[in-house]
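Throughout the sequence shown, residue numbering follows this note's numbering, covering 1415 to 2228 in sequence. Using N, Cα and C, we set each Cβ at its ideal position, and we do this for glycine too. Everything below concerns the one structure shown next.
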Amino acid sequence: MMNTIDKLSSQIDQACRAIAPLWPLKHFVAVNPFVGYADRPFSETSEHLKQVHGDYPLPKISWFLEQYRENKIETSKIVEAIAHASDEIRRAFANKEVELKLETFLQESIEPFLEEEVPYQLETFSSYVDKREGSQWNHLLKQEAAKWCAAHFDKGQSSWRSPWCHLSFFEAWRKSVKIDKSLDCSEIYDTRKVLAKIPHEPLQAIAYAMDVLQIPQERVADILERTLLKLTGWGGYLRYLDRENELRGNDSDYGLQLLAVLLSYEVILHHNLKSDHDRMLGWQRSLQEDLSDTGETSIPFDLALRLLWQESLERSIEKSFQQAIQPAIPDSNDRPTLQAVFCIDVRSERFRRALESVMPKAQTIGFAGFFGIPAEHHIPGKPSAQALCPALLAPPVKTARSLSDLTGEKWQRLEFEQTAAIDRKRAWKGFRESASSCFTFVETFGLSYAYKIIKDAFGMAVSQRKPATALPHFAQAMQPADRVNLAESILRGINLTQNFAKRVLICGHGGECANNPYASSLDCGACGGHAGDVNARLAANLLNQNSVRQGLEARGINIPEDTTFIAGLHNTTTDEVTLFDAETKPTLDLEKALAQAGDICLLQRVADLDTSVKKPSLSKIRAKSRDWSQVRPEWGLAGNAAFIVAPRSWTQQSNLSGKAFLHEYDPQADPEGALLNGILGGPLVVGSWINLQYYASSTDNNVYGSGHKAIHNVVGGIGVALGNEYDLRPGLPLQSVSDGTHLVHTPCRLHACIAANPATLDKILEQQPHLKDLVTNGWIHMISLGEDGSQWLKLQANGTWTDSQREIEEEAQV
């Protein structure tokens, strides 16, 4: 029995990890929705997910044909894709008795054909009954489970909190269901009787469900996964909670408890329907179907077509980056007029290019926007700290917001006052929104809100983005050596160890919008879904300290006395830059240059936001950030397609149109590849999460996105649901990837173009198996540029590096 329970526990853990974590709205982070399948090939996962969701996570062939007609997919790239087709694609064509060549490929794509039926689709008991009898039990049980999730995990949005929120979720659910009559109203009876038989421990409850539902051992893992995939939203949020606890070394089993709840509902339904012998016999037969392994390694023909189209599209995109990356040596070693460090975010690429045009002798640098300070930032009065670092990390550095003279008793008094102010605001909000007092509020105070409503309606509201004026500081006393270590890692990470300019700008970024639950999705992903001003100010302040500079000098990094580090925040919605803590330094000329760059950058984005605008007004464009009816204040990271790890001089002469993450890297300064190891294991993985989030939300927004903003309802202050649904929606809103008619984000996998030799990259991939899985299983493309930029070698699934263009040319000559 113990061995059986241990095996079941392992299968449950695997099922929970198949669900992508869903970050709450207050710090929403784009995440790879396929993160649980990274160890499987892209094609295999696509076939598997069609069985789950009804379609492949790939664009429709009709969309590919539209791109082909618009010459966004080149014929030569289709030829390349066919020449390098995988064995499984070749077998799919052979099984269809279709020759794999350009003419037949296009013909099969253009001619209407019936997409192949998936031969078998494993179902939960409720979905099996629905399919057999046309009922809607599965939807009912999903709604019930999601309803109790919303009640239990509510973050203060609800007027009435669950009286059992102090209990574990599974135990709270049991107490709720005992008195709830919803199932009785739907003709599901004996809930309390069945519940009495279900064990109180979640793991034992799941084992009990497996016995009652008579799930064969060979089907247990699949049934567990399918059951959890019923609630991808709440399942994702609970996976997020588990993951956060795991990062900090704490035990957590929220996913296990949700699975126990979902399976308990299945047991209750089974109790009500088990009297029908034919129904139960059909259920057992469905569980036994397709258990044999035929050893067939081909894929469905319609999947083979779409995979070839996807590969052709990505080869066409790859060509544009191959032309854009041109290795070059910087013009001179003269001291720059300015060095500006920006986040690697694709929106920074446009601004950097604009700033370089305004200040030709300025040097811009790309680095992950938390600037090497993984901070857990505490704000007085707030119950929880902000994790200002990539989602992959648990922040080890404690920081806080305060005035420089507030310490000890004064700090405690400030925290008390801030907490009291938040409590008063919460009480006032409760009075406004409570079912018992909201009408009294409107009748008494409604008229006093008229001015604010008019301002908001006509876009006259003031800016919503108000960075804190108080200087952030390290909350825990750091030893002098630790401060120097941190400063050194920052400077070496951005490859800035010599030839310092007089002014070095460290510029974080954040978005600005009104009436948008997904506002944090426009902020910095490297800062955990927050703006990057705190990290920028911490870094600038650290690097301005004399004691730190003296320590750096002993390590070979000499910062001139006249060099000043200045912190800034790039508002990516308005393309305005705010400078911090520079009152004693003359910055008017810098502010003027940044303003000019912002205007240039904003004008370049106008066509993306609204193609109908003929004579754009900068003030009207910036007003979009304050317009509460604006569903597209900016496009965020839509269009991202490449992650370039190389010197800026290699891309400085090219217009990358905001489609590339740019991370500064000099292979000559990193002979052992230690810095590159950190870049590929951190920022690149985060970039792949962002890329695959946009990919999935563009490919099938109904499944992987969050649907239309017009019918979003915020649930529990955690996520959004569509209309009166209870399950949270994963992914991005439709308006983040589409203009209403066409996709503005081209769904393609990320191209990681790296200034390193294949041998160096192979060594790093061996040290990072998860990253190797992403590349060799086809979730991202990895391209070696060589240390001098003279190569263009792509890593294949079998671990070899090939120059596909050279191979095609050689084949053509033969």
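Practice prompt. Determine the burial state of Gln-1964: buried for a count of at least 16 other Cβ atoms within 10 Å of its Cβ, exposed for fewer.
Written response: To locate residue 1964, count along the sequence shown from 1; it is residue 550. The residue is exposed, with fewer than 16 neighbouring Cβ atoms inside 10 Å.
Worksheet entry | In DSSP terms, what Arg-1917 is bridged to | Counting from one through the sequence shown, the residue named residue 1917 turns up at place 503. In the DSSP assignment, the residues bridged to Arg-1917 are Thr-1978.
Worksheet item: How long is the line joining the alpha carbons of Thr-1977 and Ala-1805, rounded to whole angstroms?
Response: Position 563 of the sequence shown holds residue 1977. Position 391 of the sequence shown holds residue 1805. Cα to Cα, the separation comes out at about 33 Å.
Worksheet entry | Distance between Ser-1460 and Leu-1555 (C-alpha atoms, nearest Å) | Taking the sequence shown and counting its residues from 1, the one referred to as residue 1555 is at position 141. Taking the sequence shown and counting its residues from 1, the one referred to as residue 1460 is at position 46. Separation of Leu-1555 and Ser-1460 (C-alpha to C-alpha, rounded to the nearest whole angstrom) is 27 Å.
Item to complete: Determine, using beta-carbon pairs with one atom in the region 1435 to 1449 and one in the region 2099 to 2110, whether at least three such pairs fall under 8 Å.
Response: yes
Worksheet item: What's the C-alpha gap between Met-1892 and Asn-1659?
Response: Locating residue 1892 in the sequence shown gives position 478, where the first residue counts as 1. Locating residue 1659 in the sequence shown gives position 245, where the first residue counts as 1. Looking at the two C-alpha atoms, the distance is approximately 25 Å.
Practice prompt. Rank Leu-2148, His-2195, Thr-2065 by C-alpha distance to the C-alpha of Gln-1737 and give the top, closest one.
Written response: Position 323 of the sequence shown, counting from 1, holds the residue named residue 1737. That would be Thr-2065, whose Cα lies nearest to the Cα of Gln-1737.
Worksheet item: Helix, strand or coil: which one does DSSP assign to Gly-1970?
Response: What you label residue 1970 is simply residue 556 of the sequence shown in a count that begins at 1. Gly-1970 falls in the coil class under three-state DSSP.
Worksheet item: If you run the structure through DSSP and keep just helix, strand and coil, what is Lys-1510?
Response: Locating residue 1510 in the sequence shown gives position 96, where the first residue counts as 1. Here Lys-1510 sits in helix by DSSP.
Worksheet item: Which partner residues does Glu-1790 have in the DSSP bridge list?
Response: Residue mapping note: residue 1790 aligns to position 376 of the sequence shown, counting from 1. Ala-1801, Lys-1812.
Worksheet entry | Three-state secondary structure assigned by DSSP to Ser-2198 | The sequence position of residue 2198 within the sequence shown is 784, counting from 1. Three-state result, Ser-2198: strand.
Worksheet entry | Own chain partners of Ile-1743 with C-beta closer than 7 Å, once the 5 adjacent residues on each side are dropped | Numbered from 1 along the sequence shown, position 329 holds the residue referred to as residue 1743. Once the five neighbours on either side are set aside, the close Cβ partners of Ile-1743 are Ser-2063.
Item to complete: In the DSSP assignment, find the alpha helix (DSSP H) that holds Lys-2208 and state where it starts and stops.
Response: The count along the sequence shown starts at 1 and reaches residue 2208 at position 794. Element bounds for Lys-2208: not the alpha helix (DSSP H) but the beta strand (DSSP E), 2207 to 2209.
Worksheet item: Secondary structure at Gln-1753, three-state DSSP: helix, strand or coil?
Response: Translated into positions along the sequence shown, residue 1753 becomes position 339. Three-state result, Gln-1753: strand.
Worksheet entry | Whole-angstrom distance between Leu-1719 and His-1887, CA atom to CA atom | Here residue 1887 is taken as the residue at index 473 of the sequence shown, counted from 1. Here residue 1719 is taken as the residue at index 305 of the sequence shown, counted from 1. Cα-Cα distance, rounded: 56 Å.
Worksheet item: Do Leu-1752 and Ala-1776 have their CB atoms nearer than 8 Å?
Response: As a position in the sequence shown, residue 1752 is number 338, starting the count at 1. As a position in the sequence shown, residue 1776 is number 362, starting the count at 1. Yes; because the gap between Cβ atoms is below 8 Å, this pair is in contact.
Practice prompt. Give the range of the beta strand (DSSP E) segment to which Gly-2133 is assigned.
Written response: Here residue 2133 refers to the residue found at position 719 when the sequence shown is read from its first residue. Here the beta strand (DSSP E) through Gly-2133 covers 2133 to 2136.
Discussion item. My output table needs one value for Trp-1697: the three-state DSSP class, helix, strand or coil.
Written reply: The residue labelled residue 1697 in the question sits at position 283 within the sequence shown. Correct three-state label for Trp-1697: helix.
Discussion item. Based on DSSP bridge pairs, tell me the residues matched to His-1566.
Written reply: Reading the sequence shown from its first residue, position 152 is the one you call residue 1566. Beta-bridge pairing links His-1566 to no other residue.
Item to complete: Name the one or two DSSP bridge partners that Asn-2127 has.
Response: Reading the sequence shown from its first residue, position 713 is the one you call residue 2127. Bridge partners of Asn-2127: Ala-2135.
Fill in: Backbone CA spacing between Gly-2137 and Asp-2041 [nearest angstrom]
As a working mapping, residue 2137 is identified with position 723 in the sequence shown. As a working mapping, residue 2041 is identified with position 627 in the sequence shown. The alpha-carbon atoms of Gly-2137 and Asp-2041 are separated by roughly 23 Å.
Worksheet item: Helix or strand or just coil, what does DSSP make of His-1441?
Response: Taking the first residue of the sequence shown as 1, we reach residue 1441 at position 27. The three-state secondary structure of His-1441, taken from DSSP, is helix.
Practice prompt. State buried or exposed for Gln-1521, treating a residue as buried only when at least 16 other CB atoms are found within 10 Å of its CB.
Written response: If you number the sequence shown from 1, residue 1521 lands on position 107. Result: exposed.
Worksheet entry | Contact check, Gly-2072 vs Arg-1761, beta carbons under 8 Å | Numbered from its first residue, the sequence shown carries residue 2072 at position 658. Numbered from its first residue, the sequence shown carries residue 1761 at position 347. In contact: Gly-2072 and Arg-1761 (Cβ atoms closer than 8 Å).
Discussion item. Here's a check: name, in chain order, each residue in its chain whose Cβ is nearer than 8 Å to the Cβ of Gln-2082, leaving out the five neighbours to either side.
Written reply: Sequence index remark: in the sequence shown, residue 2082 carries index 668 (1-based). Glu-2201, listed in sequence order.
Worksheet item: Is Leu-1802 near Val-2020, with beta carbons less than 8 Å apart?
Response: To locate residue 1802, count along the sequence shown from 1; it is residue 388. To locate residue 2020, count along the sequence shown from 1; it is residue 606. No, they are not a contact pair.
Worksheet entry | Own chain partners of Gly-2121 with C-beta closer than 8 Å, once the 5 adjacent residues on each side are dropped | Here residue 2121 is taken as the residue at index 707 of the sequence shown, counted from 1. The answer, listed in chain order, is Asn-2115, Leu-2136, Arg-2143, Pro-2147, Leu-2148.
Worksheet item: Per DSSP, what kind of secondary structure is Ser-1596 in: helix, strand or coil?
Response: Working through the sequence shown from its first residue, we reach residue 1596 at position 182. Helix.
Item to complete: Can you check DSSP and say which residues form a bridge with Gln-1777?
Response: As a position in the sequence shown, residue 1777 is number 363, starting the count at 1. In the DSSP output, where bridge partners are listed per residue, Gln-1777 has Gln-1753.
Discussion item. Nearest by alpha-carbon distance to Trp-2206: which of Gln-1550, Tyr-2109, Thr-2174, Ala-2170 is it?
Written reply: Looking up residue 2206 in the sequence shown gives position 792. The shortest C-alpha separation from Trp-2206 is found at Ala-2170.
Practice prompt. Thinking Met-2196 and Ile-2168 are a contact (beta carbons under 8 Å), I'd like their distance in whole angstroms, please.
Written response: Counting from one through the sequence shown, the residue named residue 2196 turns up at place 782. Counting from one through the sequence shown, the residue named residue 2168 turns up at place 754. Right, their Cβ atoms sit about 7 Å apart.
Fill in: Residues sharing a beta bridge with Cys-1579, DSSP
For the purposes of this step, residue 1579 is taken as the residue at position 165 of the sequence shown. Under DSSP, Cys-1579 forms no beta bridge with any residue.
Discussion item. Measuring straight from C-alpha to C-alpha, what distance separates Arg-1575 and Cys-1563?
Written reply: Sequence index remark: in the sequence shown, residue 1575 carries index 161 (1-based). Sequence index remark: in the sequence shown, residue 1563 carries index 149 (1-based). Going by the C-alpha atoms only, they are around 12 Å apart.
Worksheet item: Can you name the residues that DSSP bridges to Glu-1990?
Response: Residue 1990 sits at position 576 when you count from the first residue of the sequence shown. According to DSSP, Glu-1990 bridges with Asn-1985.
Worksheet item: Terminal residues of the continuous beta strand (DSSP E) containing Ile-2058?
Response: As a working note, residue 2058 is residue 644 in the sequence shown. Per DSSP, Ile-2058 belongs to the beta strand (DSSP E) from 2056 to 2059.
Discussion item. Using 8 Å as the threshold, is the C-beta distance between Ile-2132 and Pro-1577 below it?
Written reply: Here the question's residue 2132 lines up with position 718 in the sequence shown. Here the question's residue 1577 lines up with position 163 in the sequence shown. No, the pair does not count as a contact, with Cβ atoms beyond the cut-off.
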